[in-house]
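Residue 1 is where the sequence shown starts when you use the working numbering, and the numbers rise one by one after that.
No residue lacks a Cβ here, since even glycine has one placed at the ideal position from N, Cα and C.
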Amino acid sequence: MTDYHVIAEGLKLPSQILIDGQWRDALSGATFATIDPSTGRELAQLPACDAADVDAAVASARAAFKSGVWSDLHPTARKAVLVKLAALIEDNLTELAVMEVIDAGKPITDCLEIDVPETASCIRWHAEAQDKLYDQIAPSAPDAVGMIMREPVGVVAAVLPWNFPLMMMAWKIGPALATGNSVIVKPAEQTSLTALRLGQLALEAGVPPGVLNVVTGFGPEVGEPLGRHMDVDALTFTGSTEVGRRFLEYAAQSNVKDVCLEMGGKSAAVVLEDARDIARIAEVQANAIFWNMGENCTANSRIIVHASRYDELVEELRKQAATWVVGDPLDPATQNGPLVSKEHFEKVAGLTQKGKDEGARLICGGEAGQGLSFVPTVFADVTRDMTIFQEEIFGPVVAVTKAANDDEAIELANATAYGLAATLYTSDVAKAHRYARMLNAGTVGVNNYSEGEISTPFGGFKQSGFGGRDNGIHAHEQYTELKTIWLDLNG
Ligand code: NAD
1 MTDYHVIAEG LKLPSQILID GQWRDALSGA TFATIDPSTG RELAQLPACD AADVDAAVAS
61 ARAAFKSGVW SDLHPTARKA VLVKLAALIE DNLTELAVME VIDAGKPITD CLEIDVPETA
121 SCIRWHAEAQ DKLYDQIAPS APDAVGMIMR EPVGVVAAVL PWNFPLMMMA WKIGPALATG
181 NSVIVKPAEQ TSLTALRLGQ LALEAGVPPG VLNVVTGFGP EVGEPLGRHM DVDALTFTGS
241 TEVGRRFLEY AAQSNVKDVC LEMGGKSAAV VLEDARDIAR IAEVQANAIF WNMGENCTAN
301 SRIIVHASRY DELVEELRKQ AATWVVGDPL DPATQNGPLV SKEHFEKVAG LTQKGKDEGA
361 RLICGGEAGQ GLSFVPTVFA DVTRDMTIFQ EEIFGPVVAV TKAANDDEAI ELANATAYGL
421 AATLYTSDVA KAHRYARMLN AGTVGVNNYS EGEISTPFGG FKQSGFGGRD NGIHAHEQYT
481 ELKTIWLDLN G
């Protein structure tokens with residue numbers, strides 16, 4: 001038993017939703033269980049909300065927005081509140097990290113070193129940026145002034161996935177709140193606890209009632225009413241492509257709200273003939289697919305390798321996979337905990353079986369570990385027609401494919417419906433530039449796996465993304481409307 005087990009036992013878990021600064025049950029009184037995927041234990045009963053709760057949350061967000069209590073604040077005043085929120089997140093680092101571990105099955109070391117600190121730094125980055133942004137004056141004749149300015153869009157709904165519960169919430173509320181909007185967050189039903197706790201901390205930091213609301217429950221009962229709501233101005237979503245495309249229908253069939261979608265991926269690492277150290281590449285790529293149990297939208301679930309480097313890379317990957325520590329997520333030595341749920345475990349196991357059935361060569365893994373964990377898995381000789389080449393698995397399973405030459409490697413990397421991220425290995429700087437441009441992906445890491453930083457826009461090409469970007473100052477475009485005010489000085 002580690003210290004973190006003791007902390008987990010003593011955690012006070014939230015059990016109500018946040019609307020208008022008040023903690024409430026669902027209006028219907030319905031609840032659902034949130035489960036620790038590591039132990040199968042029920043952690044809490046949470047409100048199973050529906051359209052009536054969504055209406056209440058939207059009304060509260062609208063009233064707060066209209067009142068100007070947040071939207072009309074001087075940007076420096078909004079900054080001060082959000083910087084305080086970031087500090088409160090840091091003050092509560094261990095509690096938030098342990099809560100994330102028991103709800104999502106994520107390893108404690110990752111939550112302590114990545115998820116919680118990056119949640120705080122994301123909120124602080126957008127807060128700090130907001131009072132340093134200027135609007136524009138258009139070129140015009142001297143008898144007119146054309147002002148081009150950004151205004152908050154109004155009421156924003158954020159529908160979140162379960163793989164990085166806190167970080168994905170920060171990616172949305174950081175820029176949405178900094179730009180003056182009121183927000184309704186719908187966390188994934190598997191992982192709602194830290195979203196509610198973050199709501200408490202926001203109130204404590206001084207975010208006014210109604211400006212940040214958190215409504216728990218399932219997609220059809222909460223996500224869809226938000227997507228169809230006539231008084232939600234913008235909807236930001238991170239999750240699967242299958243669900244993402246529905247939000248476009250909801251918007252089209254309701255008020256044509258702005259929609260931004262961050263969706264699935266089947267990201268490839270491309271190892272060109274002149275790539276440097278194959279052992280190092282294998283180490284980086286093992287992390288790129290096995291980290292967070294492979295439950296990562298930019299996970300490099302494919303590696304496309306020049307034929308001359310293929311056998312060596314497959315062997316080095318096998319060695320790397322064997323070093324990966326799978327176990328209890330509350331143990332600091334653990335690198336991979338359980339998958340998030342039984343349903344997701346079955347999806348990963350089913351797609352892995354398909355890999356075997358369709359003739360890919362299993363190098364290692366391919367089977368369940370303890371409980372809901374899955375052994376890090378490497379398939380070689382994967383071809384473009386195979387399911388594991390085309391479909392997102394969202395587990396610790398990598399497909400390695402041989403390319404006859406560098407151009408074919410790039411062509412294979414681009415041969416899926418997705419375009420979220422890619423990685424490129426070469427020792428030639430000219431090739432790095434040329435091939436990075438040829439990769440159809442929102443982010444390309446060269447000679448390392450990278451999603452960029454908070455300062456760089458994040459989002460996907462093709463069926464990985466729609467309508468905008470998270471991160472960087474570019475994220476503010478999702479949450480603001482561009483307005484022209486034209487002053488006729490002769491009028
Ligand atoms: P999901 O699409 O199943 O669920 C995401 C959210 O949508 C949840 O809150 C869920 O309740 C809600 N939802 C489900 N059905 C709905 C419906 N019919 N109407 C409205 N809302 C509905 O995704 P997930 O399983 O939670 O997350 C995994 C997926 O997220 C993967 O595909 C992954 O690639 C993607 N993801 C993408 C990014 C990115 O930035 N591109 C980041 C993380 C995860």
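(request) Reducing DSSP to helix, strand and coil, say where Ser140 ends up. (result) Reduced to three states, the DSSP call for Ser140 is coil.
(request) Put Arg228 into one of helix, strand or coil per three-state DSSP. (result) helix
(message) Between Gly264 and ligand 1, is there a pair consisting of the residue's CB and a ligand heavy atom that are separated by less than 7 Å?
(response) Yes, ligand 1 has a heavy atom inside 7 Å of this Cβ.
(request) State the start and end residues of the unbroken alpha helix (DSSP H) segment that holds Asp115. (result) It is not in any alpha helix (DSSP H) - Asp115 carries neither H nor E in the DSSP assignment.
(message) For ligand 1, is there any heavy atom lying closer than 7 Å to the beta carbon of Thr238?
(response) Within the cutoff, so yes.
(message) On the criterion of 16 or more Cβ atoms from any shown chain inside 10 Å, does Trp171 qualify as buried, or is it exposed?
(response) buried
(request) Whole angstroms is fine: what's the gap from Thr416's alpha carbon to Ala252's? (result) C-alpha separation (whole angstroms): 27 Å.
(message) Any heavy atom of ligand 1 closer than 7 Å to the beta-carbon of Cys122?
(response) no
(request) Over the uninterrupted beta strand (DSSP E) stretch that includes Tyr134, give me the two end residues. (result) Tyr134 -> no beta strand (DSSP E), and no H or E assigned at all.
(message) On the DSSP letters alone, give me the boundaries of the alpha helix (DSSP H) that Phe247 sits inside.
(response) Thr241 to Gln253
(request) Could you tell me which of Ile278, Pro338, Ala275 and Ser182 sits nearest to Gly154, measuring between CA atoms? (result) Ser182
(request) Pull up the DSSP beta-bridge partners for Cys260, would you. (result) Per DSSP, Thr236.
(message) Tell me the rounded alpha-carbon separation between Leu553 and Leu13.
(response) This structure cannot speak to residue 553, because the chain is shown only from 1 to 491.
(request) Ignoring anything shorter than 4 residues or poking outside the segment 309-343, list the alpha helix (DSSP H) runs there in chain order. (result) Runs found: 310-323.
(request) Pull up the CB-CB distance for Val326 and Val375, whole angstroms please, since I reckon it's below 8 Å. (result) 7 Å
(request) Please classify Gln122: does DSSP put it in a helix, a strand, or coil? (result) First, the amino acid is wrong: residue 122 is Cys here, not Gln. Of the three classes helix, strand and coil, the one that applies to Cys122 here is helix, per DSSP.
(request) Let me know the secondary structure DSSP gives Asp470 once reduced to three states. (result) strand
(message) Count Cβ pairs between the segment 132-149 and the segment 201-211 that sit closer than 8 Å; are there 3 or more?
(response) no
(request) For Ser464, verify whether its CB is less than 7 Å away from any heavy atom of ligand 1. (result) yes
(message) Counting beta carbon pairs with one atom in the segment 385-396 and one in the segment 287-301, are three or more of them shorter than 8 Å?
(response) At 8 Å Cβ cutoff, the stretches touch.
(request) Check Leu201 in the structure and name its three-state DSSP category. (result) Three-state DSSP puts Leu201 in a helix.
(request) Kindly indicate which residue of Glu283, Asp311, Thr241 and Gly223 has the alpha-carbon position closest to the one of Trp324. (result) If we check each option's Cα against that of Trp324, Glu283 comes out closest.
(message) Taking its Cβ as the centre, do 16 or more other Cβ atoms sit within 10 Å of Ser427, making it buried, or is it exposed?
(response) exposed
(message) Looking at Pro329: is its Cβ nearer than 8 Å to the Cβ of Ser38?
(response) yes
(message) For Ala188, report the span of its beta strand (DSSP E) as first-last.
(response) Neither: Ala188 is in no beta strand (DSSP E) and is coded neither H nor E.
(request) Starting from Thr34, follow the beta strand (DSSP E) in both directions and report where the run begins and ends. (result) Thr31 to Ile35
(request) On the DSSP bridge assignment, give the partners of Leu18 in chain order. (result) Trp23 and Val214
(request) Starting from Ala544, follow its DSSP beta bridges and name the residues at the other end. (result) This structure cannot settle anything about residue 544, because the visible part of the chain is limited to 1 through 491.
(request) Could you tell me which residues DSSP pairs with Lys462 in its beta bridges? (result) Tyr418
(request) Could you tell me the distance, in whole angstroms, from the CA atom of Met147 to the CA atom of Ile485? (result) 5 Å
(message) For Thr401 and Met386, what's the separation of their Cα atoms in angstroms?
(response) 11 Å
(request) Please name the residue or residues paired with Arg302 in a DSSP beta bridge. (result) The partner list for Arg302 (beta bridge, DSSP) reads Ala268 and Ala399.
(request) Put Pro47 into one of helix, strand or coil per three-state DSSP. (result) In the three-state DSSP reduction, Pro47 falls in the strand class (E or B).
(request) Less than 8 Å between the CB atoms is what I'm expecting for Ala380 and Ile363, so what's the real figure, rounded? (result) 5 Å
(request) Run the CB neighbour count on Gly467, radius 10 Å, all protein chains shown included, and call it buried at 16 or more, exposed below. (result) buried
(request) Leaving aside the five residues before and after Ala44 along the sequence, list all residues of the same chain whose C-beta is less than 6 Å from its C-beta, in chain order. (result) Leu13, Ser15 and Thr34
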